[in-house]
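Down below is the structure, laid out as structure tokens.
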Amino acid sequence: MLLNPFTQTPAKIGVIGLGYVGLPLAVALAAKYEVVGFDINSERIAELKAGHDRTLEATPEELAGAKALSFASDEAALAACNVFIVT
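Residue numbers (my numbering): 3 to 89.
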């Protein structure tokens with residue numbers, strides 16, 4: 003398990019960019035970690051929050067099952083993250 007080296011608590015991961023690499027990565031990481039999926043496209047975020055991915059990189063079942071995954075288009079949501087992955 004990836005830990006924050008300062009607090010020894012589980013990492014909170016920010017995945018920046020929810021395209022064909024970022025979205026499947028965020029879904030996979032959410033199986034073990036709390037994840038914030040960030041994208042500047044607010045329409046994309048609304049679509050993902052509704053459980054739909056028009057690019058078909060993630061199924062509605064995968065999105066619904068990723069309970070530790072949240073989506074945001076406001077960079078303030080990344081403030082709580084201590085690990086960042088830019089895709």
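Heads up, the beta-carbon is just placed ideally off N, CA and C, and yes, glycines get one too. All figures in this text were calculated on a predicted structure; none of them were measured in a lab.
The residues K14, in chain order, have a CB closer than 7 Å to that of A82 in the same chain once the five nearest residues on each side in sequence are set aside.
Under DSSP, E36 forms a beta bridge with K14. A straight-line Cα-Cα distance of about 19 Å links I42 and A60. In summary, R46 is buried, with 16 or more beta-carbon neighbours lying within 10 Å of its beta-carbon over all protein chains present.
With fewer than 16 other Cβ atoms inside 10 Å of its own Cβ, V23 counts as exposed.
Contact between G39 and L65 is absent: CB atoms are separated by about 10 Å, not below the 8 Å threshold. Distance between T11 and V17, taken at the CA atoms: about 19 Å. A distance below 6 Å between beta-carbons, with the five flanking residues on each side excluded, links L50 to the following residues of its chain, in chain order: F73. Residue S75 holds the alpha-carbon nearest to the alpha-carbon of S44 among L58, S75 and V37.
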